[in-house]
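**Student:** Numbering (this note's numbering), first residue to last: 2 to 314.
Heads up, the beta-carbon is just placed ideally off N, CA and C, and yes, glycines get one too.
Got a structure for you, written out below as structure tokens; questions coming shortly.
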């Protein structure tokens, strides 16, 4: 009972925060009246979905075009939520983990055949969801303690009503100031990749350690950052087909990651306030920032780190 009261008070605090970013001046209380639960006040409600029978390549193209990191999977007949596919599932399938078996075993290394197989083969069917009557703090708990970056919202019948992400929560939290610095919040033990590291090697490292991005470093100098979305776009924008000669998966995964890094690199510094860093991340629509001191990489700060830090303030 005490835990529920505490969760309710924290959710009330979030709802009372005035929106100052993308959403403009949002009256969260009026939003809550419109829906059953507080969670719907910050959730994305017009969610694009795919079906279990949708080809993998079609889903990846949709995610790339729309800029999504995840795509809920619904039943073609009933519309019920059946699972989710994320950019992490895609890089797992492309050579990073056990879902690569679809390519290597079922399709005997034929990547072209594998990407035309269905999402049923690689989606995550056991997903965490929240009811549309949930509190915002339920979403925060799922993000911080259940290792998910996005939570589908369903109604009592199991129909998809929306989705809430780390970024949605961070948008609300950054409407208040914070006292912590980046140095107090960042992860200082950072795994990195080299510019000439092949896509397959980087994908395996991401899947093994459950990372969604890796800084790219050469001779102790930060060159950029490679994300799961960058690797997914390699498939979604058709670039991968330029590398295919025989259709074998090895051709796809041999490309050095320097070819996939986006040109613009946004960084922060250890002494910077986390509020200012969070605002910059939202403005640039990025999920993490390398932390630089004296031209050297000293850490990485992510949306997850910021959500956790703001809640602890």
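(1) Please confirm whether residue 44 and residue 74 have their CB atoms less than 7 Å apart.
(2) Let me check one thing: in DSSP terms, what residues is residue 86 bridge-paired to?
(3) Please work out which residues of its chain come closer than 6 Å, Cβ to Cβ, to residue 310, disregarding the five sequence neighbours upstream and downstream, and give them in chain order.
(4) Residue 215 lies in the beta strand (DSSP E); which residues open and close that run?
(5) Closer than 6 Å by C-beta to residue 98: which residues in its own chain qualify, once you throw out the five before and the five after it? Chain order, please.
(6) Thinking just about the alpha-carbon of each residue, which of 231, 81 and 237 is nearest to the one in residue 63?
(7) When DSSP labels each residue in this structure, what does residue 1 get in the three-state scheme?
(8) Once you ignore the five residues that flank residue 299 on each side, which residues in its own chain have a CB closer than 6 Å to its CB?
(9) Run through the DSSP bridge pairs and tell me what residue 131 is partnered with.
(10) Assign residue 109 to one of three DSSP states: helix, strand, or coil.
(11) Indicate the three-state DSSP secondary structure (helix, strand or coil) for residue 148 in the structure shown.
(12) Residues in its own chain within less than 8 Å of residue 110 by CB, not counting five upstream and five downstream?
(13) Note down the Cα distance separating residue 215 from residue 127, rounded to an integer number of angstroms.
(14) Between the C-alpha atoms of residue 288 and residue 191, what's the straight-line distance to the nearest angstrom?
(15) Using three-state DSSP, classify residue 261 as helix, strand or coil.
(16) CA-CA distance, residue 30 and residue 263?
(17) What number of angstroms, rounded off, separates the C-alpha of residue 92 from the C-alpha of residue 273?
(18) Which of the three DSSP states is assigned to residue 143 in this structure?
(19) Would residue 94 and residue 137 qualify as a contact pair, given that the criterion is a beta-carbon distance under 7 Å?
(20) Consult DSSP for residue 51 and reduce its assignment to one of helix, strand or coil.
(21) Do you know offhand how far residue 147's Cα is from residue 129's?
(22) Alpha carbon to alpha carbon, how far is residue 24 from residue 245?
(23) Assuming contact is defined by CB atoms lying nearer than 7 Å, are residue 54 and residue 119 in contact in what I supplied?
(24) How big is the Cα-Cα spacing for residue 141 and residue 152?
(25) Kindly say whether residue 203, judged by its beta-carbon, lies nearer than 7 Å to any beta-carbon of chain B.
(26) Applying the criterion that 16 or more other CB atoms from any shown protein chain within 10 Å of the CB defines a buried residue, is residue 204 buried or exposed?
(27) Have a look at residue 314 and residue 242 and give me their C-alpha separation to the nearest angstrom.
(28) Compare the beta carbon distance of residue 167 and residue 304 with 7 Å and say whether it is the shorter of the two.
(29) For residue 199, list the residues DSSP reports as bridge partners.
(30) For residue 162, which residues of its own chain have a beta-carbon under 8 Å away from its beta-carbon, when the five flanking residues on both sides are left out?
(31) Could you check if residue 294 is buried or exposed, using at least 16 other CB atoms within 10 Å of its CB as the buried criterion?
**Tutor:** Result, derived from the coordinates:
(1) no
(2) 72
(3) The residues are 181, 186 and 275.
(4) 214 to 219
(5) 208
(6) Residue 63 has its Cα closest to that of 237, out of 231, 81 and 237.
(7) Look at the range of the chain in this structure, 2 to 314, and you will see that residue 1 is not part of it.
(8) 292
(9) 154
(10) If DSSP states are grouped into helix, strand and coil, residue 109 belongs with coil.
(11) coil
(12) Only 104, 249, 250 and 251 meet the Cβ criterion.
(13) 27 Å
(14) 15 Å
(15) Looking at residue 261 - three-state DSSP - the assignment turns out to be coil, as it is neither helix nor strand.
(16) No answer about residue 30 holds up, because its pLDDT of 36 lies below 50 and its placement is not dependable.
(17) 33 Å
(18) Note: residue 143 maps to helix in three-state DSSP.
(19) no
(20) If DSSP states are grouped into helix, strand and coil, residue 51 belongs with the strands.
(21) Whole-angstrom Cα-Cα distance: 8 Å.
(22) Its pLDDT being 35, under 50, residue 24 is placed unreliably in this model, and the value from its coordinates should be taken loosely. If you take the alpha carbons of residue 24 and residue 245, they lie about 43 Å apart.
(23) yes
(24) 10 Å
(25) In summary, chain B is missing from the structure at hand, where a single protein chain is found.
(26) buried
(27) 48 Å
(28) yes
(29) Answer is 257, bridged to residue 199.
(30) In chain order, 41, 44, 46, 133, 154, 155 and 156 place their CB closer than 8 Å to the CB of residue 162, counting only its own chain and leaving out the 5 sequence neighbours on each side.
(31) exposed
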